[in-house]
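Its first residue numbered 63, the sequence shown is counted upward by one per residue in my numbering.
Think of the CB as a built atom: it goes at the ideal place given N, C-alpha and C, for glycine as much as any other residue.
Note that the structure is predicted; figures quoted are calculated from it, not measured.
Here is the structure we will look at, set down as structure tokens.
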Amino acid sequence: MKFLFLVFVVVGSLSLKSQSVTGTWKTVDDRDGAERSYVEIYETSGQLYGKITKLLKEPPEKLCDKCKGERKDKPLQGMIVIEALSRVKDTYSNGRIYDPVTGNDYGCSIWIEPDKPNELRVRGKHWSGIYRTQTWYRVQSQP
């Protein structure tokens, strides 16, 4: 009986670990299905951030021509596009996501559905209440 309990504890902890949102994710455009980039989601001071680590359709030196402010004409690769997400139950939210294609930023929430541990839901929400949700895919190892 103790053995079964131990098995459930180990399997349960592995299941929770596989549900982590940190790691590298392949971004896919929800409008045309194109694979765009790899984004590494990492934790700093209890908040989550996301940085473009690889461009899939553009050369690595591509600059952000649509960006505004300090991001204007900076390299897309290495750019932080998700900022300051905080954990709220099973979701990370109350942060911002930056869309380098349009040069706009939005409120952001991310989460993993329990039955799809390798898919990350990324929702950008405009101040008007309109939102878009993309599905990003966990990268097991980068080529």
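Beta-carbon separation (whole angstroms), residue i vs residue j, contact threshold 8 Å
i, j, result
"Pro137", "Glu123", "6 Å"
"Tyr154", "Val90", "Wrong, their Cβ atoms sit about 19 Å apart, outside the cutoff."
Identity of the residue in the options nearest residue i by Cα
i, options, result
"Trp198", "Val143, Asp167, Arg183, Val150", "Arg183"
"Lys178", "His188, Ile159, Arg200", "Arg200"
"Leu147", "Tyr160, Gln139, Cys170, Gly140", "Cys170"
"Arg149", "Leu125, Val143, Cys126, Gly108", "Gly108"
"Thr86", "Gly131, Asn180, Gly157, Asp94", "Asn180"
"Ile192", "Tyr168, Gly157, Gln81, Ile114", "Tyr168"
Rounded straight-line distance, which links the Cα of residue j to that of residue i
i, j, result
"Gly165", "Leu110", "21 Å"
"Leu117", "Gly186", "20 Å"
"Pro162", "Tyr104", "19 Å"
"Leu76", "Ile174", "Because Leu76 sits at a pLDDT of 39, beneath the cut-off of 50, its placement in the model cannot be relied upon, and the point is left open."
"Gly140", "Glu97", "17 Å"
"Cys126", "Asn156", "25 Å"
"Val69", "Pro176", "For Val69, the predicted structure reports a pLDDT of 37, less than 50, and the residue's modelled location is therefore unreliable. The matter cannot be settled from this model."
Residues that residue i bridges to, as DSSP identifies them
i, result
"Lys119", "In the DSSP output, where bridge partners are listed per residue, Lys119 has none listed."
"Leu125", "Pro137"
"Arg200", "Trp87"
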